[in-house]
Amino acid sequence: MRDRQRSGKGIPKGTHPSVLNRLERPATHSFTPLQMRPAAILACTLQMATGASFIFLNERIMNAVGYPFPMMLSFIGFAGSTIIATCLTWSGQVQVRQATLVASDVWIRIVLLSVFVTSSVVSGMAAYLYLSISFIQMLKATTPVMTMGFLLAFNMLTFKCAQVGSTLTIVIGAIISSRGEIGLSTIGVMIMLVSCLSEALRCVLTQALLKGTKLSIMEGLYLMSPPCAAATLISVGVFETEALSSDSMSVIASNPVVFTVAGSLGFVQHLCTLWVVQSTNALTLKILGPLRSIMVVGVSVLCYGESLSSLKGWGYAISLCGLFWYNIVSLYGEGEKNTMAEVVKEEEIQMVKPTVIK
Numbered sequence: 001m002r003d004r005q006r007s008g009k010g011i012p013k014g015t016h017p018s019v020l021n022r023l024e025r026p027a028t029h030s031f032t033p034l035q036m037r038p039a040a041i042l043a044c045t046l047q048m049a050t051g052a053s054f055i056f057l058n059e060r061i062m063n064a065v066g067y068p069f070p071m072m073l074s075f076i077g078f079a080g081s082t083i084i085a086t087c088l089t090w091s092g093q094v095q096v097r098q099a100t101l102v103a104s105d106v107w108i109r110i111v112l113l114s115v116f117v118t119s120s121v122v123s124g125m126a127a128y129l130y131l132s133i134s135f136i137q138m139l140k141a142t143t144p145v146m147t148m149g150f151l152l153a154f155n156m157l158t159f160k161c162a163q164v165g166s167t168l169t170i171v172i173g174a175i176i177s178s179r180g181e182i183g184l185s186t187i188g189v190m191i192m193l194v195s196c197l198s199e200a201l202r203c204v205l206t207q208a209l210l211k212g213t214k215l216s217i218m219e220g221l222y223l224m225s226p227p228c229a230a231a232t233l234i235s236v237g238v239f240e241t242e243a244l245s246s247d248s249m250s251v252i253a254s255n256p257v258v259f260t261v262a263g264s265l266g267f268v269q270h271l272c273t274l275w276v277v278q279s280t281n282a283l284t285l286k287i288l289g290p291l292r293s294i295m296v297v298g299v300s301v302l303c304y305g306e307s308l309s310s311l312k313g314w315g316y317a318i319s320l321c322g323l324f325w326y327n328i329v330s331l332y333g334e335g336e337k338n339t340m341a342e343v344v345k346e347e348e349i350q351m352v353k354p355t356v357i358k
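Using UniProt numbering, the first residue of the sequence shown is number 1, and each one after it goes up by one.
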């Protein structure tokens with residue numbers, strides 16, 4: 001068997017047996033489009049669709065229903081995820097491993113995740129007190145770059161020039177499309193940067209939870225949703241006390257269907273978010289943000305008759321070109337080892353490194 005492998009195409013003669021043992025195992029570090037893309041494409045599509053639907057639903061709740069409390073709406077989404085995930089788990093439809101429930105490293109990351117969620121939501125809302133909407137969108141467009149920087153810093157992403165270039169192209173397009181009247185405030189900029197950094201760290205930590213601790217999607221949702229809901233509710237109690245008044249609660253009571261849909265849609269959105277991170281990575285999740293904005297604008301123009309300036313159109317076109325470039329890089333795995341001989345060479349280099357004996 002090994003003689004046949006040594007004579008196989010691309011495998012050098014005299015290859016060490018341990019290297020051949022590795023080559024006998026199926027490769028797991030590189031994927032072709034046909035192997036990994038169906039699940040990833042479905043996850044990204046559903047995440048963008050549910051995210052856009054959630055935006056339109058929240059806009060309707062805040063304006064048409066008369067409930068202008070965005071932090072409370074975020075809590076409703078996390079609460080819906082908590083209730084549905086708990087019901088599925090306790091009814092036996094979803095299994096959560098006992099080892100996961102008692103793992104201290106998992107809970108430390110979950111607590112940190114809830115802190116970053118709260119920081120992102122609170123600072124993101126506070127920034128609207130100091131900055132214009134256009135400038136906030138420009139700053140939000142830098143979140144994919146921050147996410148990529150953290151992934152590279154924590155050695156969770158392989159550096160690829162094409163991937164960096166495509167990400168920057170998407171960000172530049174988003175900045176151009178968000179350009180408008182800019183009201184500059186140093187305090188507002190600092191607050192918004194805290195929000196962007198918190199969001200980037202939240203995505204990176206989510207990837208570390210799902211891939212580092214091998215959590216399934218439903219395990220992640222079951223464990224993450226309650227702390228995030230609690231942290232968001234605390235921020236509501238501090239910054240949106242009116243949302244807890246009897247008048248605000250009566251609005252919820254008089255529109256049960258709308259708020260039930262909001263909670264259910266929050267569950268689906270959070271589920272799809274974890275699916276995207278698990279099937280791709282945190283960087284892909286953040287790149288979907290500007291593209292979801294393009295989808296929302298497109299629906300607004302087609303269905304609600306909103307106008308679209310030529311500058312915004314060019315910005316969206318640049319972002320779409322960046323997305324196409326990013327997909328090509330991701331699909332065909334630029335930067336991965338392309339030949340069996342390269343794998344063999346790296347393995348043998350690692351084996352012949354001198355060992356220091358004390």
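C-beta: ideal position from N, C-alpha, C; glycine also.
- Note that the C-beta distance between S74 and T186 is not below 7 angstroms.
- According to the DSSP assignment, S81 belongs to the alpha helix (DSSP H) that extends over 70-90.
- No Cβ-Cβ contact shorter than 7 angstroms links C303 with T50.
- The C-alpha of A253 lies about 22 angstroms from the C-alpha of I234.
- With a contact defined as Cβ atoms closer than 8 angstroms, G188 and A141 miss out at about 16 angstroms.
- Here the alpha carbons of S300 and I76 stand approximately 25 angstroms from one another.
- Boundaries of the alpha helix (DSSP H) harbouring A262: 256-279, taken from the DSSP string.
- Of all alpha-carbon atoms in V204, P227, S177, the one lying nearest the alpha-carbon of L274 is that of V204.
- S53 is not a Cβ neighbour of H270, given a cutoff of 7 angstroms.
- V257 is classed as exposed because its beta carbon has fewer than 16 other beta carbons within 10 Å across all chains shown.
- Residue environment analysis places V276 among the buried positions, since at least 16 neighbouring C-beta atoms fall within 10 angstroms of its C-beta.
- Excluding the 5 residues flanking it on each side, S177 has same chain C-beta neighbours closer than 6 angstroms at K312, G315, Y316, in chain order.
- Under the three-pair Cβ rule at 8 angstroms, the segment 152-172 does not count as touching the segment 219-233.
- Of the residues S123, A200, V268, the one whose Cα lies closest to the Cα of C44 is V268.
- With a 10 Å radius around the Cβ and a threshold of 16 neighbouring Cβ atoms, K286 comes out buried.
- Comparing alpha-carbon positions, the option among Q278, I55, V111 lying closest to G212 turns out to be Q278.
- For I61, the closest alpha carbon among the candidates N255, L308, S293 is that of N255.
- Around S114, the same chain offers P227, C228, A231 as residues with beta carbons nearer than 6 angstroms, after the five sequence neighbours per side are excluded.
- Collapsing the DSSP output to three states places S185 in coil.
- Ranked by how close their Cα comes to the Cα of T167, the residues T284, A200, V94, M72 have T284 in first place.
- Counting every other CB atom within 10 Å of its CB across the protein chains shown gives F78 a total of 16 or more, marking it as buried.
- When the five nearest sequence neighbours on each side are left out, the beta carbons in the same chain lying within less than 7 angstroms of the beta carbon of M146 are those of C196, L197, A200, in order along the chain.
- For S309, no alpha helix (DSSP H) run applies, since DSSP gives it neither H nor E.
- Per DSSP, the unbroken alpha helix (DSSP H) holding E219 starts and ends at 217-239.
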